[in-house]
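Heads up: the structure comes next, in structure tokens.
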Amino acid sequence: MKLLVLTDPHLVESDGDIIGLDPAQRLTDVLEHALDHHPDAAHIVILGDLTHHGRPAQYDVLRDCLAGVPLPVSLLLGNHDDRATFIAAFPDAPRTDDGHIQQVVTLGNHHLICLDSFDEAADPPHSGYLCDARMAWLRRALQGADGAPVTLALHHPPFKTGLDGMDHIRLRNDDALHALIAEFPNVVQLLCGHVHRTISGGVRGTPYATFKGTCHQSPLTLGMAGSDHSIDEAGGYGVVLLTDDGVIVHNDDLAPRGAATVDGHSA
705 MKLLVLTDPH LVESDGDIIG LDPAQRLTDV LEHALDHHPD AAHIVILGDL
755 THHGRPAQYD VLRDCLAGVP LPVSLLLGNH DDRATFIAAF PDAPRTDDGH
805 IQQVVTLGNH HLICLDSFDE AADPPHSGYL CDARMAWLRR ALQGADGAPV
855 TLALHHPPFK TGLDGMDHIR LRNDDALHAL IAEFPNVVQL LCGHVHRTIS
905 GGVRGTPYAT FKGTCHQSPL TLGMAGSDHS IDEAGGYGVV LLTDDGVIVH
955 NDDLAPRGAA TVDGHSA
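In short: position in the sequence shown from 1, add 704, done, that's my numbering.
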């Protein structure tokens, strides 16, 4: 099974921009590239910060961008979103009885569990949190997987990346999430957004991957405080292969490149 992973579109109104970039055009370009190169994909997940301010007109832009997408799409919430406004714009989006945007997607023998880490009362602002209701829902979802491999997808990373400004606004109750994960050895991968960079590693025994945003990126300034630094780098996306042997995470971006050719010296 092939899963396409996008994150952080940060859509604004049709006449707006972010650092001179058009977020809607960038999202459209990434979607077109991903669908053209991976027509055999089974599903798309977008890991939050769907909009820049959580306003109704911005979710209208998102709906327009997704209108022609031929695959099922799971939408997650990030710190720049607004849950009530999102639900008004996407009333059919899966959500829990408590109103959180969470769902389980079955992809072959694999379970993709999408979590809602948006926190209306975040302290520090823009950090994430999984409340008791969301954690209880996650426990039931993990139990329901009945030992099948599980990938968890959420906006806020429950780990530090070395980007101090972004680490300051990661998932606040990361310890609680990892304690729950430790009870379920079938959790084999974490997929996160938020940091606008391609990062991979492992935390407390669980592999993780973060991805470039579809619009602007964070500069690779390890140790620097602040979470509002942005750079015009090519948008990107992830290609996640869910196999019988495990999870394989690829990344691609839309940086200018030449056509593929054969290097005879490598033959």
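Backbone N, C-alpha and C define an ideal beta-carbon position, used for all residues, glycine too.
Can residue i and residue j be called in contact, C-beta distance under 7 angstroms?
i, j, result
"ARG901", "SER922", "yes"
"THR918", "VAL734", "yes"
"ASP820", "LEU781", "yes"
"LEU958", "LYS706", "no"
"HIS804", "ARG838", "yes"
"ASP868", "GLY905", "no"
"VAL907", "MET870", "no"
"LEU739", "PRO727", "no"
How would you label residue i, buried or exposed, when you count the other beta carbons within 10 angstroms and need 16 or more for buried?
i, result
"VAL709", "buried"
"ALA792", "exposed"
"HIS859", "buried"
"VAL966", "exposed"
"HIS741", "exposed"
"ALA857", "buried"
"MET778", "Looking at the sequence itself, residue 778 is Ser, so the reference to Met does not match. Flag for SER778 reads buried."
"HIS954", "exposed"
"ILE723", "exposed"
"HIS969", "exposed"
State the CB to CB distance for the pair residue i and residue j, rounded to an integer number of angstroms; the pair is presumed to be in contact (CB under 8 angstroms).
i, j, result
"ARG826", "ASN783", "In the sequence as presented, Arg is not what sits at residue 826; that position holds Ala. Going by Cβ atoms, the distance from ALA826 to ASN783 rounds to 7 angstroms, so yes, they are a contact pair."
"THR755", "ASP801", "At roughly 25 angstroms, the Cβ-Cβ gap does not stay under 8 angstroms, so THR755 and ASP801 are not in contact."
"VAL854", "PHE888", "7 angstroms"
"GLU717", "GLN762", "6 angstroms"
"THR711", "LEU751", "4 angstroms"
In chain order, each beta strand (DSSP E) run of at least 3 residues that lies wholly inside the region 787-846: 807-811, 814-818
Meets three-Cβ-pair contact criterion under 8 angstroms: the region 890-907 and the region 833-843: no
Those runs of the alpha helix (DSSP H) which lie wholly inside the region 727-752 and span at least 4 residues: 727-741
contact_flag[the region 732-748, the region 936-947] where n(CB pairs < 8 angstroms) is 3 or more: yes
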